[in-house]
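J.:
Numbering (the working numbering), first residue to last: 1227 to 1389.
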């Protein structure tokens, strides 16, 4: 089953997700919380944080991807894709991708891992759960982009999700 947690930018989606995930051992995937003013990459299975958003001024010699006011490390996106690819092979009760955003819709960011995982859940009739975090302003585009026909809308937050 695909679940979508949606809401406005900076509305607490990731914070609610992390509260819901705390102490659970039946999940894997990634979250992108803010920590000290910068986005971090969090491996939900290993419970480890990795640098994600770059704080240094733009340097064309450094491999990074820009999105609005943010600049993210290419190496962090590679690590995120590896975490996701490993997670789907572990068959967790909950696989989480926080978040599907404009980069993914443009074939960057967590792609192609995110697309492969979504396709697998759509085609396999998986009994486990895939939780996608998607901001409300691109929700419909994401649904169309990934051809998601059935999902449980979880806009009230992960605490409303059943286990």
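Even glycine gets a Cβ: it sits at the ideal position worked out from N, Cα and C.
I'd like the list of long-range same chain contacts for residue 1327, defined as Cβ closer than 8 Å, with 5 residues on each side in sequence excluded.
T.: Along the chain shown, read from residue 1 onward, the residue named residue 1327 stands at position 101. Correct list, in chain order: 1293, 1335, 1360, 1361, 1364.
J.: Given a threshold of 16 other Cβ atoms within 10 Å of its Cβ, counted over all protein chains shown, does residue 1355 qualify as buried or as exposed?
T.: Position 129 of the chain shown, counted from the first residue, corresponds to residue 1355. Buried, because 16 or more other Cβ atoms sit within 10 Å of the Cβ of residue 1355.
J.: Indicate whether at least one CB of chain B lies closer than 8 Å to the CB of residue 1352.
T.: In the structure shown, chain B does not exist; there is a single protein chain.
J.: Got a sec, what are the start and stop residues for the beta strand (DSSP E) residue 1229 sits in?
T.: Against the chain shown, residue 1229 aligns to sequence position 3. It spans 1228 to 1233 - the beta strand (DSSP E) in which residue 1229 sits, taken as one unbroken run.
J.: One question on the structure: do residue 1257 and residue 1311 come within less than 8 Å of each other, judged by their Cβ atoms?
T.: Along the chain shown, read from residue 1 onward, the residue named residue 1257 stands at position 31. Along the chain shown, read from residue 1 onward, the residue named residue 1311 stands at position 85. Not a contact, by the Cβ cut-off of 8 Å.
J.: Would residue 1202 be called buried (16 or more neighbouring beta carbons within 10 Å of its own) or exposed?
T.: A question about residue 1202 goes unanswered here, because the residues of the chain that appear run from 1227 up to 1389.
J.: Have a look at 1344, 1317, 1377, 1265 and flag the residue whose alpha-carbon is nearest the alpha-carbon of residue 1302.
T.: Position 76 of the chain shown, counting from 1, holds the residue named residue 1302. For the residues 1344, 1317, 1377, 1265, the minimum Cα distance to residue 1302 belongs to 1265.
J.: Would you report the Cα separation of residue 1337 and residue 1330, rounded to the nearest angstrom?
T.: Position 111 of the chain shown, counted from the start, is the residue given in the question as residue 1337. Position 104 of the chain shown, counted from the start, is the residue given in the question as residue 1330. Taking the straight line joining both Cα atoms gives about 6 Å.
J.: Would you call the CB atoms of residue 1352 and residue 1253 closer than 8 Å?
T.: Within the chain shown, residue 1352 is the residue found at index 126, counting from 1. Within the chain shown, residue 1253 is the residue found at index 27, counting from 1. Cβ atoms of residue 1352 and residue 1253: not closer than 8 Å.
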